[in-house]
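One line per chain: the protein sequences are L and U, in this order.
For the first sequence, our numbering assigns the number 1 to the initial residue and increments by one for each residue that follows.
For the second sequence, our numbering assigns the number 1001 to the initial residue and increments by one for each residue that follows.
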Amino acid sequence: AQKITQTQPGMFVQEKEAVTLDCTYDTSDQSYGLFWYKQPSSGEMIFLIYQGSYDEQNATEGRYSLNFQKARKSANLVISASQLGDSAMYFCAMREVGGSEKLVFGKGTKLTVNP
Amino acid sequence: NAGVTQTPKFRILKIGQSMTLQCAQDMNHNYMYWYRQDPGMGLKLIYYSVGAGITDKGEVPNGYNVSRSTTEDFPLRLELAAPSQTSVYFCASFKGQGDTGELFFGEGSRLTVL
C-alpha cells in the first residue's frame, strides 16, 4: 500500500528566506507521481508542483522546486524567497499510475512565514 | 471555466438525516474522487470513479454512497448522518491514464452534523 509521511507538523521561516518541507513515501510501484498542494486558511486546494517517478530532473515551478531523491524515497518541497502569502498548510501526495490513479495524501505541514 | 463545482458549500445536518453533496466537472474528465478532510488532517479517499457507470470504494467508504450516471456528475450521498461525518468534503477530477497532470479540486463542502 502507498504511504506518504510528512514529519513536520509545523515550520517557521523568515520572510525572504528559503524553507524545505519534508516528504517521504513508500510504494512498491515503479511508476508513480508525486505532488505538492497548498491549502491556505480559506480552504481550497492549490496545485503547486508535480514530479513523475521517471523524471530525471527535479521539477521546478517558479519559487517552488521539488527535491526528488528516488533511492531515499523522498520528495521534499523547497520554497525560495518566502513570502507572507506562503503561510498555509502544505500537503505532499502520491498517485499510483494506472488503476484508480487516486491520490494518497500526507497529514500536512503548517508553514508560517514571519515578517 | 467552471472546473469542478461543489454544492452546497456549507450544510448543517441533524443526526439521522440524509443529504447529497453534488459535484460536477466540465472538463470531460474520466476520473472523479470524493475526499474528506477532518480538522488538522490530510485528505482521505471516500469513493472514486474511473468513468460513467463505474465506482469503487476508497479508504473510508462507510456511511456514504455514490453514483456516476454521467461523465460530468459524481454525487455523494450521506445516509443517516452521524457526528463522525462532520468534515470538509472535497470533490476532485482527473483527465485519466496517460496524463501526468494534477487533480483538480472543488472548493469544498463543509458539513456539520449535530
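Beta carbons are placed, not taken as given, at the ideal position from N, Cα and C, and that holds for glycine.
Keep in mind that this is a model prediction, so the values were computed, not measured.
- L/Val19 is positioned such that its CB atom lies no closer than 8 Å to that of L/Leu84.
- Secondary structure note for L/Thr24: its beta strand (DSSP E) is the uninterrupted segment Thr24 to Asp26.
- In the three-state scheme derived from DSSP, where H, G and I count as helix and E and B as strand, L/Asp29 is classed as coil.
- Per DSSP, L/Tyr54 lies in no beta strand (DSSP E) segment and is marked neither H nor E.
- Contact of U/Asp1056 with chain L is assigned, a C-beta pair being separated by under 8 Å.
- Neighbours of L/Lys107 in chain U, taken as residues at a C-beta separation under 7 Å, are given in chain order as Met1041 and Gly1042.
- For U/Thr1112, same chain residues with a beta-carbon under 6 Å away, outside a window of 5 residues either side, are Ile1012 and Thr1086 in chain order.
- Considering only U/Leu1114, U/Gly1108, U/Ser1109 and U/Ser1093, the residue with the shortest C-alpha distance to U/Gln1025 is U/Ser1093.
- In this structure the region 96 to 106 of chain L does not touch the region 1002 to 1011 of chain U; the number of beta carbon pairs closer than 8 Å is below three.
- Neighbourhood of U/Gly1108 in chain L, by CB distance below 9 Å: Gly43, Glu44 and Met45, in chain order.
- Remark: C-beta atoms of U/Tyr1035 and U/Leu1021 do not approach each other more closely than 8 Å.
- Separation of the CB atoms of L/Ala75 and L/Tyr37 is rounded to 13 Å, and the pair is thereby denied contact status at 8 Å.
- Shortest Cα-Cα distance from L/Leu48 to any of U/Glu1079, U/Lys1014, U/Phe1104 and U/Gly1108 involves U/Phe1104.
- L/Ala71 counts as exposed, since fewer than 16 other C-beta atoms from the protein chains shown sit within 10 angstroms of its C-beta.
- The beta carbons of U/Arg1077 and U/Ser1049 sit no closer together than 8 Å.
- Assignment of beta-bridge partners to U/Arg1068 by DSSP yields no partner.
- DSSP links U/Gly1051 through a beta bridge to U/Ile1054.
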